[in-house]
Amino acid sequence: MTQGFVDPQSAVAAVARDAAAEERANRAANLAKAARQPVDAGSIDQSLDQSVPPDRLFVRPYQTTDLDAVIEIFLRAIREVAVKDYDRAQVDAWAQVDRGVWARRRLSRPTWVAVIDQERVGFTDLEPDGHLDMMFVHPAHQAIGVATLLLATVEAAATARGINRLSTEASLTARPFFERRGFSVLASQRVEKRGQFLTNFRMEKTLT
Ligand SMILES: CC(C)(COP(=O)(O)OP(=O)(O)OC[C@H]1O[C@@H](n2cnc3c(N)ncnc32)[C@H](O)[C@@H]1OP(=O)(O)O)[C@@H](O)C(=O)NCCC(=O)NCCS
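Under this note's numbering, the first residue of the sequence shown is numbered 85, with each subsequent residue one higher.
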């Protein structure tokens with residue numbers, strides 16, 4: 085707890101970091117809006133991670149041949165990343181996939197895949213009512229802006245479709261990401277998955 089003992093210099097640095105992060109997210113969203121098509125990481129900020137040059141990370145529409153890759157990203161993101169926020173029984177209940185159901189569901193709504201070089205590293209989607217159901221990033225490519233670029237793509241697509249509000253049910257793991265990107269928590273809830281109860285958050289963002 086730092087309350088009452090905040091070093092003014094680090095507070096200033098934290099504000100500057102927040103402003104920079106917000107600015108690059110805004111820039112990505114604006115560029116994605118302008119492009120109305122797949123966006124690349126250069127539209128975010130070259131300083132996000134110098135090990136991934138902007139021309140190597142991009143987002144494109146899902147293709148049926150992506151199915152196994154997105155399933156693997158989903159399973160590994162839960163088992164290796166979300167596992168820090170949920171216990172083993174909850175992870176086991178969540179990390180299950182019916183391949184046939186997934187094949188149909190991916191094609192039932194716009195879905196996008198993030199790619200670095202030839203490797204698929206994340207995916208997301210958008211339902212007709214503005215609900216974002218999926219946001220998963222491969223464990224080996226966390227915290228380099230993949231989800232930010234995916235979300236910028238969703239926001240651009242939503243705006244193009246006349247959707248002005250996004251909603252999602254964010255995991256404990258994803259809540260800070262969505263908050264950083266302008267979503268607000270409406271409520272926390274406990275959802276039942278295969279006999280286990282998992283906490284998540286109903287969140288919304290109004291698009292301007
Ligand atoms: C949540 C998740 C999608 C974020 O993906 P990511 O590509 O690592 O996110 P980004 O690199 O674009 O991060 C963007 C911002 O969110 C912040 N952020 C992301 N995850 C965070 C976390 N767990 N805690 C705090 N901040 C986080 C980053 O610091 C970054 O902030 P900044 O650039 O404004 O400083 C990813 O961690 C993941 O796949 N998690 C496991 C699966 C999951 O729970 N999915 C959601 C299901 S609803």
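The C-beta atom is built at its ideal place from N, Cα and C for all residues, glycine as well.
What do you reckon, is the C-beta of residue i under 8 Å from a heavy atom of ligand 1?
i    : result
V220 : Sequence check: residue 220 is Phe here, not Val. Yes, ligand 1 has a heavy atom inside 8 Å of this Cβ.
S268 : no
P194 : no
G214 : no
I162 : yes
S272 : no
R189 : no
V175 : no
Which same chain residues, not among the five before or five after residue i, have their C-beta less than 7 Å away from its C-beta?
i    : result
K117 : At K117, the pLDDT of 45 sits below 50, so the modelled position is not reliable and the matter cannot be decided from this model.
I200 : V136, R140, L141 and H225
Q280 : A173, Q174 and A177
Q121 : Caution is warranted here: a pLDDT of 49 is assigned to Q121, below 50, making its placement in the model unreliable, and no coordinate value can be reported.
N114 : The pLDDT assigned to N114 is 48, lower than 50, so where the model puts this residue is not dependable, and the model offers no usable value.
Among all the DSSP beta bridges, which residues are the ones paired with residue i?
i    : result
H215 : S251
P145 : W196
Q273 : N284
G206 : A198 and V221
K289 : L250
Spatial neighbours of residue i within its chain, please: CB distance less than 6 Å, with the 5 preceding and 5 following residues excluded, ordered by chain position.
i    : result
R278 : A177
I247 : G214
G266 : K289
D209 : R193, T195, D217 and M218
V154 : F207
A179 : L159, I162 and R163
Quick one: residues in its chain with C-beta nearer than 8 Å to the C-beta of residue i, no 5 flanking neighbours on either side, listed in chain order?
i    : result
I157 : R204, V205, G206, F207, F220, V221 and H222
L291 : E239, A242, T243, I247, N248, R249 and L250
For a test of your reading of the model: does the CB of residue i fall under 8 Å from any non-hydrogen atom of ligand 3? Yes or no.
i    : result
T232 : Although ligand 3 was asked about, the structure shown includes only ligand 1 as ligands.
- Query: Taking one C-beta from the segment 279-288 and one from the segment 250-262 each time, how about it: are there three or more such pairs within less than 8 Å?
  - Reply: yes
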